[in-house]
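There are 2 protein chains.
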Amino acid sequence: MTHRVLVVGGGVIGLSCAWRLAADGHQVTVVAPTPGRDGASWVAAGMLAPVTEVQFGEAALTELLLEGARGWKEFSAALEGASGHDIGYDQSGTLTVALDTSDRAALDELLAYQHTLGCTAHRRTASECRGLVPALSPMVCGGIEVPGDHHVDNRALLRALVAAGQAAGVTFVRSSVTAISTGNTDAGAGNAGAAQSGPVAVLSDGSRLGADHIVLAAGVGTPHLGGLDQAALPEIRPVKGHILRLGPAGSDVAGPPLLNRTVRALVHGRSIYLVPRPDKTLVVGATMEERGYDVTVRAGAVHELLCDARAVVPGIDELELLEAQAGLRPATPDNTPVVGWTGLPGVAVASGHFRNGMLLAPSTAAAMVDLLAVETR
Amino acid sequence: MTHRVLVVGGGVIGLSCAWRLAADGHQVTVVAPTPGRDGASWVAAGMLAPVTEVQFGEAALTELLLEGARGWKEFSAALEGASGHDIGYDQSGTLTVALDTSDRAALDELLAYQHTLGCTAHRRTASECRGLVPALSPMVCGGIEVPGDHHVDNRALLRALVAAGQAAGVTFVRSSVTAISTGNTDAGAGNAGAAQSGPVAVLSDGSRLGADHIVLAAGVGTPHLGGLDQAALPEIRPVKGHILRLGPAGSDVAGPPLLNRTVRALVHGRSIYLVPRPDKTLVVGATMEERGYDVTVRAGAVHELLCDARAVVPGIDELELLEAQAGLRPATPDNTPVVGWTGLPGVAVASGHFRNGMLLAPSTAAAMVDLLAVETR
Numbered sequence: 018m019t020h021r022v023l024v025v026g027g028g029v030i031g032l033s034c035a036w037r038l039a040a041d042g043h044q045v046t047v048v049a050p051t052p053g054r055d056g057a058s059w060v061a062a063g064m065l066a067p068v069t070e071v072q073f074g075e076a077a078l079t080e081l082l083l084e085g086a087r088g089w090k091e092f093s094a095a096l097e098g099a100s101g102h103d104i105g106y107d108q109s110g111t112l113t114v115a116l117d118t119s120d121r122a123a124l125d126e127l128l129a130y131q132h133t134l135g136c137t138a139h140r141r142t143a144s145e146c147r148g149l150v151p152a153l154s155p156m157v158c159g160g161i162e163v164p165g166d167h168h169v170d171n172r173a174l175l176r177a178l179v180a181a182g183q184a185a186g187v188t189f190v191r192s193s194v195t196a197i198s199t200g201n202t203d204a205g206a207g208n209a210g211a212a213q214s215g216p217v218a219v220l221s222d223g224s225r226l227g228a229d230h231i232v233l234a235a236g237v238g239t240p241h242l243g244g245l246d247q248a249a250l251p252e253i254r255p256v257k258g259h260i261l262r263l264g265p266a267g268s269d270v271a272g273p274p275l276l277n278r279t280v281r282a283l284v285h286g287r288s289i290y291l292v293p294r295p296d297k298t299l300v301v302g303a304t305m306e307e308r309g310y311d312v313t314v315r316a317g318a319v320h321e322l323l324c325d326a327r328a329v330v331p332g333i334d335e336l337e338l339l340e341a342q343a344g345l346r347p348a349t350p351d352n353t354p355v356v357g358w359t360g361l362p363g364v365a366v367a368s369g370h371f372r373n374g375m376l377l378a379p380s381t382a383a384a385m386v387d388l389l390a391v392e393t394r
Numbered sequence: 018m019t020h021r022v023l024v025v026g027g028g029v030i031g032l033s034c035a036w037r038l039a040a041d042g043h044q045v046t047v048v049a050p051t052p053g054r055d056g057a058s059w060v061a062a063g064m065l066a067p068v069t070e071v072q073f074g075e076a077a078l079t080e081l082l083l084e085g086a087r088g089w090k091e092f093s094a095a096l097e098g099a100s101g102h103d104i105g106y107d108q109s110g111t112l113t114v115a116l117d118t119s120d121r122a123a124l125d126e127l128l129a130y131q132h133t134l135g136c137t138a139h140r141r142t143a144s145e146c147r148g149l150v151p152a153l154s155p156m157v158c159g160g161i162e163v164p165g166d167h168h169v170d171n172r173a174l175l176r177a178l179v180a181a182g183q184a185a186g187v188t189f190v191r192s193s194v195t196a197i198s199t200g201n202t203d204a205g206a207g208n209a210g211a212a213q214s215g216p217v218a219v220l221s222d223g224s225r226l227g228a229d230h231i232v233l234a235a236g237v238g239t240p241h242l243g244g245l246d247q248a249a250l251p252e253i254r255p256v257k258g259h260i261l262r263l264g265p266a267g268s269d270v271a272g273p274p275l276l277n278r279t280v281r282a283l284v285h286g287r288s289i290y291l292v293p294r295p296d297k298t299l300v301v302g303a304t305m306e307e308r309g310y311d312v313t314v315r316a317g318a319v320h321e322l323l324c325d326a327r328a329v330v331p332g333i334d335e336l337e338l339l340e341a342q343a344g345l346r347p348a349t350p351d352n353t354p355v356v357g358w359t360g361l362p363g364v365a366v367a368s369g370h371f372r373n374g375m376l377l378a379p380s381t382a383a384a385m386v387d388l389l390a391v392e393t394r
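So the sequence lines, in the order shown, correspond to chains A and C.
The opening position of the first sequence corresponds to residue 18 in the numbering used here, with each subsequent residue numbered one higher.
The opening position of the second sequence corresponds to residue 18 in the numbering used here, with each subsequent residue numbered one higher.
The structure is reproduced here in structure tokens:
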């Protein structure tokens with residue numbers, strides 16, 4: 018059965034849901050200020066990392082992430098085919114390294130836990146690490162190789178999702194949703210929504226868009242939507258992350274890239290990652306900060322990222338600082354995304370993907386397709 | 018006698034010369050791509066610092082800088098009057114601090130030398146330093162107070178110079194000079210210059226501007242001007258400087274500024290400065306790098322500046338990183354500017370001001386006025 022579906026949000030989750038729902042035959046509209054350039058997805062690094070994202074006590078989340086990773090190759094091929102865009106899906110793997118012996122001990126504990134979860138991860142000596150990634154600092158004292166943790170060019174992915182959505186018939190409305198009206202609570206309030214009983218989105222210019230179903234994929238903006246009973250929605254808070262983009266300068270532009278795979282590290286207890294792009298830029302991230310809805314780029318955070326990144330890969334000193342940004346990850350109390358119907362009629366949610374939006378976009382979109390397929394209303 | 022004077026360059030030196038020459042009755046044209054936003058002047062911090070810029074073995078330069086400082090108050094008042102702009106001329110003085118005992122010893126040696134040159138500078142204990150500037154790190158172990166080293170808002174200064182120049186009748190041509198033709202060497206090459214015997218500037222669009230005199234104030238661009246016998250020009254090379262601009266964020270916007278005067282420091286042997294602005298932004302600089310004509314913002318340089326600045330004033334961590342830039346100081350072999358006639362007929366030069374362009378702009382402009390006043394041709 019074909020539904021009119023309105024997706025709120027133009028990040029990786031909203032766009033993936035929109036594309037797959039449209040491909041499944043639904044009549045889909047995306048409302049977002051700048052689809053494909055919004056929110057955390059644009060700022061992100063694009064890691065697809067179920068294993069190196071393992072945290073103690075989050076076995077259920079790891080299982081979800083591993084399942085997400087299994088669908089990525091097929092999703093990537095389908096998206097590149099549908100959009101005609103290369104999304105920079107890179108399967109060269111990830112190396113996590115330790116900078117001191119404490120970091121080394123912490124990684125060994127993590128490795129043992131990864132193994133209990135059934136993950137594929139290999140202990141590597143310092144010289145093995147440097148053999149894999151010659152740009153590493155001489156201070157690196159060992160690490161973990163995870164061949165199955167990949168990465169994607171997040172911005173190429175977003176562009177491809179917009180293109181694939183357009184090709185599948187998705188309508189894009191460049192605006193913001195300020196409120197959602199459901200059911201009969203304000204049926205007499207506007208003409209646009211009067212002819213049907215589904216939910217209605219109120220846009221920033223006051224206009225109203227009705228639909229059979231609304232999918233809330235607005236990331237950290239989800240709790241700010243008006244007209245909703247917040248108790249019926251999952252609890253989502255912003256976790257700020259600073260991130261840098263570096264690129265080769267001068268004669269290095271023509272040379273080989275600094276890194277041949279994603280490098281993650283523990284640097285005296287602090288986590289950092291460096292993700293290479295096909296254009297030889299490097300994405301360096303990311304801080305984890307509880308600062309509310311604040312995307313100010315702080316000098317101290319930029320210092321921390323540069324300090325830790327150059328401790329692991331000294332060659333970054335010669336790269337150009339192209340961008341310093343901060344984004345807000347949509348986090349839930351248990352770090353697990355919320356995908357399904359809300360307590361509000363006709364309103365579904367796909368948010369709370371925290372650090373794993375890129376990785377979980379395919380499985381989230383598939384789940385949303387299943388959700389609407391069984392909906393008979 | 019009134020001359021037609023063409024000034025090449027829209028930095029602080031070119032604009033100051035243009036304004037003062039026009040005020041002296043000359044018919045002045047400035048050629049620059051974006052007058053008041055060009056080159057090193059736009060990137061600079063605006064320190065007016067004859068004493069804290071003292072280097073061993075540069076007594077003659079220090080005398081020049083002290084002389085420059087003596088004229089600044091009058092220049093500032095005249096410029097603010099002529100332009101109607103506040104230029105942020107701040108006489109709160111400068112405190113140079115040491116971060117470790119080696120830095121302390123180096124500052125003591127510098128202080129003794131400053132005293133032999135007759136400079137006013139006072140030794141301050143660690144607690145005296147913190148009394149003067151409460152935001153200093155507890156690690157600071159003493160310093161030198163220099164009440165006579167001031168600062169100006171370099172960008173406000175440039176805007177005021179453009180406005181004062183316009184009010185005095187200066188013509189601004191937004192273009193670049195690619196070459197200078199002098200005398201009869203190519204008298205038949207163009208009509209524009211054929212009617213007079215003075216030098217001619219060739220612009221990037223091929224057009225030609227004749228004048229009685231040309232003043233080369235193009236900073237590091239000076240050696241790149243075509244048509245000139247380079248042997249007749251002073252040797253000028255670019256010395257790269259990275260600089261940051263930081264500003265208050267969130268609730269700090271309404272609070273007091275972090276610094277109440279310019280703070281300079283030796284941080285384990287490396288020099289850094291932090292210059293406050295009336296709008297509560299801070300200018301943090303600057304590296305000294307011999308890298309040719311390269312203005313790439315390098316990650317390593319940004320790290321170095323942040324690292325040293327936060328060692329001296331930890332509160333910068335919470336500031337927003339507004340800008341990271343690199344500029345090219347025009348340096349001469351003896352670090353002393355070159356102001357006077359070149360070996361080419363009708364062509365004067367005012368360049369090579371290195372780290373002291375703002376400070377020396379008034380005296381340089383006055384010297385150029387004198388130069389043309391005695392010229393009888």
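Note that CB positions come from ideal geometry on N, CA and C, so glycine has one too.
Where the stretch 263 to 290 of chain C meets chain A: residues whose CB sits under 8 Å from a CB there: Under the 8 Å Cβ criterion, the stretch 263 to 290 of chain C contributes L263, A266, G267.
Rounded to whole angstroms, what is the Cα-Cα separation between A218(C) and T199(C)? As a working note, residue 218(C) is residue 201 in the second sequence. As a working note, residue 199(C) is residue 182 in the second sequence. Rounded to the nearest whole angstrom, the CA to CA distance from A218(C) to T199(C) is 9 Å.
Between A348(C), A94(C), A122(C), G215(C), which has its C-alpha nearest R140(C)'s C-alpha? Counting from 1 along the second sequence, the entry for residue 140(C) is found at position 123. Between R140(C) and the set A348(C), A94(C), A122(C), G215(C), the nearest pair of CA atoms involves A122(C).
Please tell me whether C34(A) has its Cβ less than 8 Å away from any Cβ of chain C. In the first sequence, residue 34(A) corresponds to position 17, counting from 1. So, not an interface residue.
At 3 residues or longer, and completely inside the stretch 326 to 366 of chain A: list those beta strand (DSSP E) runs for me, N to C. DSSP runs (the beta strand (DSSP E)) wholly in the stretch 326 to 366 of chain A: 337 to 348, 355 to 358.
Terminal residues of the continuous beta strand (DSSP E) containing K90(C)? If you number the second sequence from 1, residue 90(C) lands on position 73. Unbroken run through K90(C) is the alpha helix (DSSP H), 89 to 100; no beta strand (DSSP E).
Does the distance from the CB of A343(C) to the CB of I333(C) come in under 8 Å? Against the second sequence, residue 343(C) aligns to sequence position 326. Against the second sequence, residue 333(C) aligns to sequence position 316. No; because the gap between Cβ atoms is not below 8 Å, this pair is not in contact.
Considering only the alpha carbon of each residue, which of H167(A), E162(A), L149(A), S144(A) lies closest to M156(A)? Along the first sequence, one-based indexing puts residue 156(A) at 139. The shortest C-alpha to C-alpha distance from M156(A) to any of H167(A), E162(A), L149(A), S144(A) is the one to S144(A).
Hey, P255(A) and V237(A): beta-carbon distance below 8 Å or not? As a working mapping, residue 255(A) is identified with position 238 in the first sequence. As a working mapping, residue 237(A) is identified with position 220 in the first sequence. Closer than 8 Å, so yes.
I'd like to check one pair, L338(A) with V319(C): are the Cβ atoms closer than 8 Å? Here residue 319(C) refers to the residue found at position 302 when the second sequence is read from its first residue. Here residue 338(A) refers to the residue found at position 321 when the first sequence is read from its first residue. In this structure, L338(A) lies closer than 8 Å to V319(C) by Cβ.
Alpha-carbon spacing of V150(C) relative to L276(C), whole angstroms: Against the second sequence, residue 150(C) aligns to sequence position 133. Against the second sequence, residue 276(C) aligns to sequence position 259. Approximately 7 Å, taken between the alpha carbons.
Just the chain C side, please: which residues come within less than 8 Å of H320(A) by C-beta, in chain order? For the purposes of this step, residue 320(A) is taken as the residue at position 303 of the first sequence. By Cβ distance, chain C contributes H320, L323, C324, R327, D334.
Judging by CA-CA distance, which residue of A40(A), F371(A), A77(A), P265(A) is the nearest neighbour of A185(A)? One-based indexing of the first sequence puts residue 185(A) at position 168. Comparing Cα-Cα distances from A185(A) to each of A40(A), F371(A), A77(A), P265(A), the minimum goes to A40(A).
Proximity of E70(A) and L82(A) at Cβ, strictly below 8 Å: Position 53 of the first sequence, counted from the first residue, corresponds to residue 70(A). Position 65 of the first sequence, counted from the first residue, corresponds to residue 82(A). Going by C-beta atoms, E70(A) is nearer than 8 Å to L82(A).
Looking at chain C, which residues of the stretch 334 to 349 of chain A have a Cβ within less than 9 Å of any of its Cβ atoms? Of all residues in the stretch 334 to 349 of chain A, only D334, E335, L336, E337, L338, L339, A341 come within less than 9 Å of chain C when Cβ atoms are compared, listed by chain position.
CA-to-CA distance, L134(A) to F73(A), given in whole angstroms: Here residue 73(A) corresponds to residue number 56 of the first sequence, with the count starting at 1. Here residue 134(A) corresponds to residue number 117 of the first sequence, with the count starting at 1. Taking the straight line from one Cα to the other gives about 10 Å.
Relative to chain C, which residues along the stretch 288 to 317 of chain A have a C-beta separation below 7 Å, given in chain order? Listed in sequence order: D311, T313, V314, R315, A316, G317.
If V190(C) sits next to L32(C), beta carbons under 8 Å apart, how far is it from one beta carbon to the other, in whole angstroms? Stepping through the second sequence from its first residue, residue 190(C) is reached at position 173. Stepping through the second sequence from its first residue, residue 32(C) is reached at position 15. Between L32(C) and V190(C) the Cβ distance is about 13 Å, and since that is not below 8 Å, they are no contact.
Near F92(A), what residues of its chain come up, given a Cβ to Cβ distance below 7 Å and the 5 sequence neighbours on each side ignored? Position 75 of the first sequence holds residue 92(A). Excluding sequence neighbours, F92(A) sits near P379.
Where R315(A) falls: helix, strand or coil (DSSP): Counting from 1 along the first sequence, the entry for residue 315(A) is found at position 298. The three-state reading of DSSP puts R315(A) in strand, counting E and B together.
So does the stretch 371 to 378 of chain C actually touch the stretch 278 to 292 of chain C, counting three or more Cβ pairs closer than 8 Å? Three or more beta-carbon pairs separated by less than 8 Å are not found between the stretch 371 to 378 of chain C and the stretch 278 to 292 of chain C, which leaves the two stretches without contact.
Checking the sheet assignment: what are the DSSP bridge partners for H168(C)? The sequence position of residue 168(C) within the second sequence is 151, counting from 1. M64(C), D107(C), per the DSSP bridge assignment.
Same chain only: Cβ atoms within 7 Å of R176(A), ignoring 5 sequence neighbours per side: Counting from one through the first sequence, the residue named residue 176(A) turns up at place 159. So the qualifying residues of the chain are G53, H102.
Between which two residues does the beta strand (DSSP E) containing P50(C) stretch? Numbered from 1 along the second sequence, position 33 holds the residue referred to as residue 50(C). Premise fails: P50(C) is in no beta strand (DSSP E) and is neither H nor E.
Give the range of the alpha helix (DSSP H) segment to which I260(A) is assigned. Along the first sequence, one-based indexing puts residue 260(A) at 243. In this chain, I260(A) is not harboured by any alpha helix (DSSP H); it is covered by the beta strand (DSSP E) spanning 254 to 264.
Using a Cβ cut-off of 8 Å (strictly closer), state whether A209(C) contacts chain A. Position 192 of the second sequence, counting from 1, holds the residue named residue 209(C). Residue placement at A209(C) is flagged as unreliable, the pLDDT there being 44, under the threshold of 50; the coordinate-derived value follows with that caveat. Answer no: the Cβ-Cβ gap between A209(C) and chain A never drops below 8 Å.
Could you give the first and the last residue of the continuous alpha helix (DSSP H) run that contains P379(A)? Here the question's residue 379(A) lines up with position 362 in the first sequence. Unbroken alpha helix (DSSP H) run through P379(A): 374 to 391.
Counting beta carbon pairs with one atom in the stretch 112 to 126 of chain A and one in the stretch 19 to 33 of chain C, are three or more of them shorter than 8 Å? In short, these stretches do not touch, since the Cβ pair count stays below three.
Is the shortest distance between the beta-carbon of V48(C) and the beta-carbons of chain A less than 8 Å? Start at 1 with the first residue of the second sequence, and residue 48(C) comes out as number 31. Output row for V48(C): interface = no.
Do you know offhand how far W36(C)'s Cα is from L23(C)'s? Your numbering for residue 36(C) matches position 19 in the second sequence. Your numbering for residue 23(C) matches position 6 in the second sequence. The alpha-carbon atoms of W36(C) and L23(C) are separated by roughly 12 Å.
Pairs of beta-carbons, one from the stretch 287 to 303 of chain A and one from the stretch 251 to 266 of chain A, closer than 8 Å: are there three or more? The answer is yes - the stretch 251 to 266 of chain A touches the stretch 287 to 303 of chain A, with three or more Cβ pairs under 8 Å.
Return the chain-ordered list of same chain residues with a C-beta closer than 7 Å to the C-beta of S58(A), the five sequence neighbours on each side being excluded. The residue given as residue 58(A) occupies position 41 in the first sequence. Hits under 7 Å: G28, V29, N171, L175, G374.
Closer than 8 Å by C-beta to Y130(C): which residues in its own chain qualify, once you throw out the five before and the five after it? Chain order, please. For the purposes of this step, residue 130(C) is taken as the residue at position 113 of the second sequence. Only V71, F73 meet the Cβ criterion.
Closer than 8 Å by C-beta to A76(A): which residues in its own chain qualify, once you throw out the five before and the five after it? Chain order, please. For the purposes of this step, residue 76(A) is taken as residue 59 along the first sequence, with counting starting at 1. Shown here for A76(A): same chain residues with a beta carbon closer than 8 Å to its own, the five before and five after excluded, namely L134 in chain order.
State the DSSP-derived secondary structure class of Y310(A), mapped to helix, strand or coil. On the first sequence, position 293 is the one that residue 310(A) refers to. Looking at Y310(A) - three-state DSSP - the assignment turns out to be coil, as it is neither helix nor strand.
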